[in-house]
Amino acid sequence: MTHLPRSLRSAAPQWAALALALTLAACSQSSVPQSPAQGRAQSQENLPNFVYDGTDHSWTAQDGGLNLLQTQAIDPGDNTLSNEPWTAATNGWGPAERNRSNGEKGTGDGRTLTLNGKTYGNGFGVHSDSSLSFDVGGKCTSFTADIGVDDEVGSLGSVVFQVYADGVKLYDSGIMTGASTTKSVNVNIAGRRELKLVVTNAGDNIHYDHADWANAMLRDCVVTTTTAPSTPTSPIAYSGPITITRGGTYSGNWESLDPNVPAVSIKTAEPVVIENANIRGRGDLIRGYWVNLTVRNTNGYGLNPNVYGRHTGRFISAEDVLNLRVENNYLEGTTGIYVNIFQGKAANGQTVKILRNRVKNIDGRKSDGKGGYLNDRYLVQFVQLSKVRQLPEVEIAWNEVINEPGKSSLEENINLYSSSGTPESPIKIHNNYIQGAYAIFPATDSAYSGGGIMLGDGSQDNLNVAGGYVEVFRNQIVSTSNQGIGIAGGHHQNVYDNRVLSSGRLPDGSINLAQNVGLYVWDMFGAQASGIWSDNSVHDNLVGWARIRSDGSTWLNNTWFPNCTSLCYNNRPWPTAVTLDTERQEFELWRDKVRSAGLTIGPR
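The sequence shown begins at 3 in the working numbering and counts up one residue at a time.
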């Protein structure tokens with residue numbers, strides 16, 4: 003399969019790094035209230051439900067801290083954190099406040115949460131030397147908030163915001179003052195039970211340290227409901243593998259612990275629908291030939307094969323496909339979706355559509371046979387279309403794909419191998435969020451091929467077999483190492499209106515040595531002379547692909563277009579420095595985009 007060679011890495015121009023700081027508009031500050039150091043302590047009788055811990059200023063919650071708020075269980079979807087009870091809380095000056103600023107020593111004496119002139123209806127107002135803990139039960143995907151020093155202290159104060167989950171620090175804001183630009187926090191807490199929000203005094207004192215966790219939200223929570231909520235939820239009971247030999251709708255929980263046996267085998271050309279299912283296995287989860295298949299609202303989990311040199315199987319492995327729809331599923335730890343050769347009838351509306359799936363850690367690592375993994379991988383993708391040719395109405399859209407270093411290994415997230423649409427109906431790859439593609443071990447290794455989206459891979463023998471007639475638009479590609487989006491062969495492929503960015507660092511802040519180029523157009527097969535390479539365009543994309551030298555200095559390697567002239571234009575550099583914070587903000591932008599579109603990503 004095609005990948006960007008190491009020789010390209012040295013060929014890219016070293017553009018000067020943009021040094022603009024990320025800024026947000028700020029309105030005028032409100033008047034400055036009395037400093038905590040000057041304030042008069044209030045009596046304990048004015049603080050029902052709260053007790054002091056023996057010092058003049060500190061405070062500890064005694065009863066979960068909801069006061070008159072009704073306790074609410076976490077609901078499916080997004081949850082306002084200030085509606086949830088905390089399990090423990092301390093605050094450096096007076097009580098921590100819900101949905102208002104810290105104020106002074108009294109309960110409820112704060113104001114509307116306000117950061118740089120923007121007001122918020124929910125969140126927490128705290129003081130430095132504070133900690134709020136919540137039992138989120140591993141139910142939610144991420145925690146988000148806007149943070150900063152409340153406008154009620156003007157430009158004063160100095161604090162550091164930190165987010166912990168199960169005792170591990172996942173976020174640190176650095177020092178922020180009343181003059182700082184508001185920051186957006188977006189932390190992955192999937193599978194974590196305890197969420198702790200900490201504000202420190204930045205190493206000086208607690209004066210004016212009024213800190214806001216504004217619009218604090220638990221995102222994309224999954225809650226299993228039963229007819230008797232007081233009864234503990236039982237683990238999923240899986241049955242053994244199933245073989246489907248007749249068309250129909252199938253729901254259930256199936257697993258295969260033999261890497262040679264799929265959890266679900268489809269041996270019929272009749273229409274099959276798999277929905278509301280849970281599937282796990284050490285090999286392929288769903289496998290079939292000559293299938294007319296719909297998979298929706300299903301969870302798929304890949305397991306370590308525990309056979310030396312074997313890799314986890316596909317979520318779906320489908321060959322000689324008659325029709326395929328994959329929508330609103332959750333995939334974790336699998337090797338993705340493989341579609342090899344289309345045999346259906348496009349005139350009857352048969353095609354391939356992969357829509358609104360949530361995906362975590364596409365993983366082609368090979369097992370060491372002992373529950374771990376070798377330093378070796380099988381080349382896999384979230385989606386690979388192989389030899390799916392001249393097919394109209396193909397769509398890969400609104401999927402959320404997140405890969406983590408050390409927990410995943412893939413080549414491209416989306417790869418089109420010798421696949422094409424038609425002039426009237428090109429393959430459409432749009433509105434996907436794709437984050438992460440890393441070297442296997444260590445994740446800082448520079449010897450890595452893969453990335454975000456690859457077009458034009460495969461044979462260039464003639465126009466009928468070469469990739470072509472593809473549109474890639476309005477995707478968000480984040481931190482996919484080697485490349486963001488590339489065109490390596492084929493014809494009539496149009497890449498436009500995408501957001502492609504990477505800080506050049508791994509999530510832990512270390513340098514990503516496999517970092518290469520944001521967008522490239524390169525006739526790597528030499529098909530231009532035969533006329534097969536033609537009309538490939540890349541335009542109107544926003545690109546910020548940072549690379550970091552050994553001395554820590556940064557430069558942008560946004561584009562490399564050795565085989566594109568007039569059709570590659572108006573690709574704009576990212577307007578600010580690209581940092582890990584920029585990447586986190588891009589994920590929040592994606593979430594806002596999904597909410598605005600009224601869509602559900604993953605199982606409904």
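All C-beta atoms in this analysis are idealised placements derived from N, C-alpha and C, irrespective of residue type, glycine included.
Limits of the beta strand (DSSP E) - the one that residue i falls within
i, result
"Lys185", "Lys185 to Asn190"
"Leu199", "Glu196 to Thr202"
"Phe126", "Gly125 to His129"
"Asp322", "Ile318 to Val323"
"Leu305", "Premise fails: Leu305 is in no beta strand (DSSP E) and is neither H nor E."
"Leu376", "Tyr375 to Arg379"
"Trp547", "Leu544 to Ile550"
"Val596", "It is not in any beta strand (DSSP E) - Val596 instead sits in the alpha helix (DSSP H) that spans Leu582 to Ala599."
"Leu457", "Gly453 to Asp459"
"Lys120", "Lys120 to Tyr122"
"His494", "His493 to Tyr498"
"Asn635", "No statement about residue 635 is possible, as the shown extent of the chain runs from 3 to 606 and does not include it."
"Ala213", "His212 to Cys223"
"Ser369", "Arg367 to Ser369"
"Lys355", "Val354 to Leu357"
"Glu402", "Glu402 to Ile404"
Beta-carbon proximity of residue i to residue j, cut-off 9 angstroms
i, j, result
"Asp214", "Phe136", "no"
"Arg312", "Lys372", "no"
"Asn81", "Glu590", "no"
"Val497", "Ile487", "yes"
"Ile318", "Val274", "no"
"Gly423", "Ile429", "yes"
"Asn118", "Asn101", "no"
"Trp547", "Leu503", "yes"
"Leu357", "Glu397", "yes"
"Thr561", "Val540", "yes"
"Met178", "Val165", "no"
Identity of the residue in the options nearest residue i by Cα
i, options, result
"Ala320", "Leu220, Asn294 and Asp152", "Asn294"
"Ser411", "Ile356, Asn203, Met219 and Tyr380", "Tyr380"
"Arg284", "Ala271, Glu277 and Gly242", "Gly242"
"Asn500", "Arg574, Asp525 and Ser536", "Arg574"
"Ile268", "Thr251, Gln437 and Phe163", "Thr251"
"Phe527", "Thr556, Asn496, Asn518 and Gly491", "Gly491"
"Arg195", "Val396, Thr143 and Ile442", "Thr143"
"Gly438", "Phe475, Asn466, Gln383 and Pro428", "Gln383"
"Ala192", "Ala167, Glu154 and Cys570", "Ala167"
"Ser512", "Asn518, Arg100, Ile550 and Ser133", "Ile550"
"Ile442", "Asp260, Leu376 and Tyr173", "Leu376"
"Val341", "Leu305, Leu387 and Ser84", "Leu387"
"Leu465", "Pro425, Glu585 and Pro264", "Pro425"
"Gly452", "Thr336, Asn484, Phe475 and Gly460", "Asn484"
"Asn255", "Asp286, Val263 and Asn301", "Asn301"
"Gly139", "Ser182, Lys198 and Asp131", "Lys198"
"Ser568", "Arg597, Ala579 and Asn538", "Asn538"
Delimiting residues of the alpha helix (DSSP H) encompassing residue i
i, result
"Asp77", "Premise fails: Asp77 is in no alpha helix (DSSP H) and is neither H nor E."
"Phe344", "No alpha helix (DSSP H) holds Phe344; the beta strand (DSSP E) holding it covers Ile339 to Phe344."
Close beta carbons around residue i, own chain, < 6 angstroms, minus the five adjacent residues each side
i, result
"Phe344", "Val323, Val390 and Leu393"
"Asp525", "Trp535 and Asn565"
"Gln587", "Ser186"
"Gly66", "Residue confidence is low: Gly66 scores 42 on pLDDT, short of 50, so the model does not pin down where it sits. No coordinate-derived value is stated."
"Glu402", "Arg360, Tyr435 and Ile603"
"Asp542", "Tyr498, Asp499 and Asn572"
"Asn433", "Ala399, Trp400 and Arg476"
"Leu158", "Gly180 and Tyr210"
Residues sharing a beta bridge with residue i, DSSP
i, result
"Glu257", "Arg282"
"Glu86", "DSSP output for Glu86 lists no bridge partner at all."
"Gln517", "Gln517 is not bridged to any residue."
"Pro577", "Per DSSP, none; premise fails for Pro577."
"Pro273", "Asn294"
"Glu334", "Tyr303 and Lys362"
"Met178", "Val161"
"Gln485", "Gly453 and Val519"
"Lys430", "Glu397 and Glu473"
"Asn417", "Gln386 and Met456"
"Gly250", "Val274"
Beta-carbon proximity list for residue i, same chain, < 7 angstroms, skipping 5 on both sides
i, result
"Arg606", "Asn299 and Asn330"
"Val225", "Ile76, Asp77, Pro78 and Lys141"
"Arg327", "Thr296 and Lys355"
"Gln462", "Ala468, Gly491, Phe527, Ala529 and Ile534"
"Tyr310", "Ser369, Asp370 and Gly371"
beta-carbon residue i near the ligand PLP non-hydrogen atom, thresh 8 angstroms
i, result
"Cys570", "By its list of ligands, the structure shown contains no ligand whatsoever, and the ligand PLP lies outside what it can speak to."
Residues near residue i by beta carbon distance below 8 angstroms, same chain, minus five either side
i, result
"Thr146", "Ser186, Val187, Asn188, Val189, Asn217, Ala218, Met219, Arg221, Glu590 and Arg593"
"Gly420", "One detail in the question is off: residue 420 reads as Ser in this sequence, not Gly. These residues qualify, in order along the chain: Ser388, Lys389, Arg391, Asp459, Gly460, Ser461, Val467, Ala468 and Gly469."
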